[in-house]
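**Q** Each residue of the sequence shown is one higher than the last, beginning at 1147 in the numbering used here. Even glycine gets a Cβ: it sits at the ideal position worked out from N, Cα and C. Input: one structure, supplied below.
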Amino acid sequence: MKIILPVAGKGTRLRPHTHTKAKSLVHVAGKTVLEHIVSRLLVLDNIELIFITDENGQQIEAYMKEKFPQVECRYIVQKDRLGPAHAVSLAGPHIHEGDDVLVVFNDTIFVTELNRIPKLCADCDGLIYSKEVEDYQRFGVNVLRDGLIIDMVEKPDTPISKLAQVGLYYLKDGRRFMDYIGATIAAGDTVKGEYYLPAVFMRMIHDGARFRAPELDEWLDCGKPETLLETNRYLLRGRHHTHGEVYNSVLIEPVHIAKGAVVRNSILGPDVSIAPGCVIEEAIIKDSIINANSHAKDSILHYSILGDNVSLIGSPRKMSIGDHSVIVMEG
1147 MKIILPVAGK
1157 GTRLRPHTHT
1167 KAKSLVHVAG
1177 KTVLEHIVSR
1187 LLVLDNIELI
1197 FITDENGQQI
1207 EAYMKEKFPQ
1217 VECRYIVQKD
1227 RLGPAHAVSL
1237 AGPHIHEGDD
1247 VLVVFNDTIF
1257 VTELNRIPKL
1267 CADCDGLIYS
1277 KEVEDYQRFG
1287 VNVLRDGLII
1297 DMVEKPDTPI
1307 SKLAQVGLYY
1317 LKDGRRFMDY
1327 IGATIAAGDT
1337 VKGEYYLPAV
1347 FMRMIHDGAR
1357 FRAPELDEWL
1367 DCGKPETLLE
1377 TNRYLLRGRH
1387 HTHGEVYNSV
1397 LIEPVHIAKG
1407 AVVRNSILGP
1417 DVSIAPGCVI
1427 EEAIIKDSII
1437 NANSHAKDSI
1447 LHYSILGDNV
1457 SLIGSPRKMS
1467 IGDHSVIVME
1477 G
């Protein structure tokens, strides 16, 4: 199976955390987003990963060689930002007759059993994974009839469907899929100057292709700071890991402290991830992600994300407060 991973996006919604690194290398729950995704792909047999990158491609390549040296990978640079379908099309020369294709976008971490693909796709041409949502107006949705997709509507005004497309697609005939992307691009079928995959799928459906829309168990958004923290909370459930050094501190589960991190005289948790190389001293931290080699001292952090190599030094206070006082210290 050829697995296409478009990772060329700038990750503007995650700035400043993506100013100097690819958005898929941001940490959540003790791992990078990319590690969470690739680990879920390893249940599949005979895979080749095709990364569509930007100028940060060397970061992705170096990370994959270090973390997943056993996985066959290919790297292609998207020089012109012409949309998701254009990014996927760049893998075309490496998709041959007989290849099946899985397309995985990296804004989200999915929870589903990918080894069920052959069964789910036994009587159709592909799978466009979905998740039922209440705020359907924010997404492109799949419209079904008798279990098959008959239409795709972008940000519908009425609840014609609540099955949001989640950025995970399987095509049984990868070469045919690439040909349809080429036809869509040749026809100039764009939205605001960019090529999108729904136009490709609708072209295929009109020509008789059959697609099902299996639901993910979970769809974990990593595209914005607030959703990254939500995903951190979800992934930490039942995972209280202390691999680093902890001295005279209180840990309120769940907390993930990576090997190489040091925590002293602090209160951490719940829902805190501490990356390798961090030093946490005299701090109170909850519901936060602290990335690699950062130092937090004399600080109180809630709902916070610290990037790599951050130094955050607060100031302890000495107070003498009389009876019946009310002190409000807002940050």
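For Ile-1150, collect the residues of the same chain with a Cβ closer than 6 Å to its Cβ; drop the 5 residues on either side in sequence, then sort them by chain order.
**A** Ile-1196, Val-1234, Ala-1237 and Val-1249
**Q** Within its chain, find whatever has a CB closer than 6 Å to the CB of Ile-1331; leave out the 5 residues flanking it on each side and keep chain order.
**A** Tyr-1341
**Q** Measuring CB atoms only, is the region 1251-1265 touching the region 1174-1191, in the sense that at least three cross pairs come out at less than 8 Å?
**A** yes
**Q** Cα separation between Val-1409 and Cys-1424?
**A** 8 Å
**Q** Taking only the alpha-carbon atoms, compute the straight-line gap between Pro-1416 and Asp-1363 and give it to the nearest angstrom.
**A** 24 Å
**Q** Compute the Euclidean distance between the alpha carbons of Leu-1446 and Gly-1313, then round it to the nearest angstrom.
**A** Position check: residue 1446 holds Ile in this sequence, whereas Leu was assumed. Going by the C-alpha atoms only, they are around 36 Å apart.
**Q** Going by C-alpha to C-alpha distance, which of Lys-1338, Leu-1414, Ala-1345 and Met-1298 sits closest to Ala-1359?
**A** From the listed residues Lys-1338, Leu-1414, Ala-1345 and Met-1298, the smallest Cα separation to Ala-1359 is found for Met-1298.
**Q** Quick check on DSSP: helix, strand or coil for Ile-1331?
**A** helix
**Q** Give the single residue among Ala-1404, Ile-1413 and Ala-1438 whose Cα lies nearest to the Cα of Ser-1395.
**A** Ile-1413
**Q** Between Ala-1435 and Ser-1457, is the Cβ-Cβ spacing less than 8 Å?
**A** Note on residue identity: the sequence assigns Ile, not Ala, to residue 1435. No, Cβ-Cβ distance for Ile-1435 and Ser-1457 is not below 8 Å.
**Q** Using only alpha-carbon positions, find the residue among Asp-1271, Glu-1372 and Ala-1154 that is nearest to Asp-1226.
**A** Ala-1154
**Q** Got a sec? Which residues, its chain only, sit under 8 Å from Ser-1307 by beta carbon, not counting five neighbours each side?
**A** Taking Ser-1307 as the centre and dropping the five residues before and after it, the same chain places the C-beta of Tyr-1282, Val-1287, Asn-1288, Val-1289, Leu-1290 and Val-1299 closer than 8 Å to its C-beta, in chain order.
**Q** Closest by CA to Tyr-1315, which one among Val-1257, Glu-1427, Ser-1276 and Glu-1181?
**A** Ser-1276
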